[in-house]
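Numbers 35 to 280, taken from my numbering, label the letters of the sequence shown in order.
Where a beta carbon is used, it is the ideal one built from N, C-alpha and C, also for glycine.
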Amino acid sequence: MNKKTHFGYTEVDESEKSNHVGEVFTSVSKSYDIMNDAMSIGMHRLWKKILVELASINEKDIILDIASGTGDIPKLISREYPRTSIFMSDINYEMLDEGRNRAINESFNSNCSFCQLSGEKLPFKNKTFDLITVGFGLRNFTNKEKGLNEMKRCLKKNGKLLILEFSKPINPIFSKIYDWYSFNILPKLGSLLANDSDSYQYLAESIRMHPDQEQLKKMMQDQGYRECKFYNLLNGVVAIHIGSND
Ligand SMILES: C[S@@+](CC[C@H](N)C(=O)[O-])C[C@H]1O[C@@H](n2cnc3c(N)ncnc32)[C@H](O)[C@@H]1O
35 MNKKTHFGYT EVDESEKSNH VGEVFTSVSK SYDIMNDAMS IGMHRLWKKI
85 LVELASINEK DIILDIASGT GDIPKLISRE YPRTSIFMSD INYEMLDEGR
135 NRAINESFNS NCSFCQLSGE KLPFKNKTFD LITVGFGLRN FTNKEKGLNE
185 MKRCLKKNGK LLILEFSKPI NPIFSKIYDW YSFNILPKLG SLLANDSDSY
235 QYLAESIRMH PDQEQLKKMM QDQGYRECKF YNLLNGVVAI HIGSND
């Protein structure tokens, strides 16, 4: 029998998940940036800045950003560290195309390369990168362990992985308000601004199916990352996980 996984709350064959995820991001690619600002009232910008601060980047680092989408994280890194080499990547052509156009239009492409790839099968040699970042991408992987393992393989000794992802709110009352917002407001916003409520229903569901802070930390430790830790943002709605390669 085919192995099963989750696409939001729906159980699907493992072999089908990336197609479903692909349809979501192809559908939202043009309205992705507007929706991000609307959904988080601009807070995603701050979360990404914190990620870049926590990454302790050195001037000549070679950096892979996985699931770059429209390129917010490469843009921040490129602006602050123009001598780094940044590989901006995404599995989805439409999202990467938006990101590459934006990099050219907003002039942060001089130290960026663009690669269409899956974070679960990286086309790079062992120990290539000083830093790997993933912003709101890991949740969509079919096999997160495989992805974490691939990233570790491609990190240099002492290289770091930083994952910015939705997580689990700590305060139970806040959590209830957040659930109400996610399942009532979010799909309506999606319908209004992106003409697509289903993709934002998937977003709300996929967040609930994603491992919480401790589970993700344990997954990283199980893949051999060391010094694993996480920082909660907005009461744990979002967390940044960090791990190092040995
Ligand atoms: C929510 S967007 C995040 C974009 C950007 N990093 C940001 O924070 O704004 C998630 C991205 O993950 C990409 N993605 C999904 N599965 C992936 C995979 N297995 N490998 C690489 N990218 C993937 C999607 O195509 C989409 O562009």
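One or two residues paired with residue i in a DSSP bridge
i      : result
Val58  : DSSP output for Val58 lists no bridge partner at all.
Thr167 : Asp99, Leu196
Leu220 : BP columns for Leu220 are empty, so no partner.
His78  : His78 pairs with nothing; no bridge assigned.
Cys149 : Ser123
Val46  : Thr39
Leu189 : Phe163
Leu267 : Val272
Rounded straight-line distance, which links the Cα of residue j to that of residue i
i      : j      : result
Gly76  : Asn70  : 7 Å
Arg187 : Ser278 : 11 Å
Ala137 : Phe217 : 33 Å
Val272 : Tyr127 : 26 Å
Phe158 : Gly181 : 13 Å
Ile197 : Gly171 : 8 Å
Tyr236 : Asn192 : 36 Å
Thr44  : Leu80  : 32 Å
Asp95  : Ile207 : 42 Å
Ala4   : Ser74  : In the structure displayed, the chain extends from 35 to 280; residue 4 sits before or after that span and is not available.
Asp124 : Asn53  : 14 Å
Glu179 : Gly153 : 11 Å
Pro245 : Lys109 : 28 Å
Lys251 : Arg260 : 10 Å
Three-state class that DSSP yields for residue i in the structure shown
i      : result
Val86  : helix
Phe208 : helix
Glu261 : strand
Ile276 : strand
Asp106 : helix
Asp237 : For the sequence presented, residue 237 should be read as Leu rather than Asp. Three-state DSSP puts Leu237 in a helix.
Leu156 : coil
Asn229 : coil
Asn139 : helix
Glu248 : helix
Tyr66  : helix
Glu93  : coil
Asn177 : coil
Arg117 : coil
Within-8 Å CB hit, residue i to chain C
i     : result
Asp47 : In the structure shown, chain C does not exist; there is a single protein chain.
Whole-Å CB distance - residue i paired with residue j, under 8 Å assumed
i      : j      : result
Glu132 : Thr167 : About 18 Å; that fails the 8 Å criterion.
Val86  : Ile107 : 7 Å
Gln247 : Asn266 : 7 Å
Lys51  : Phe41  : 5 Å
Ile91  : Tyr115 : 5 Å
Phe175 : Cys149 : Between Cys149 and Phe175 the Cβ distance is about 17 Å, and since that is not below 8 Å, they are no contact.
Asp164 : Lys190 : 6 Å
Glu48  : Lys64  : Not a contact, Cβ separation roughly 29 Å.
Ile97  : Ile111 : 6 Å
Ser233 : Ser61  : 6 Å
Asn183 : Gln257 : 5 Å
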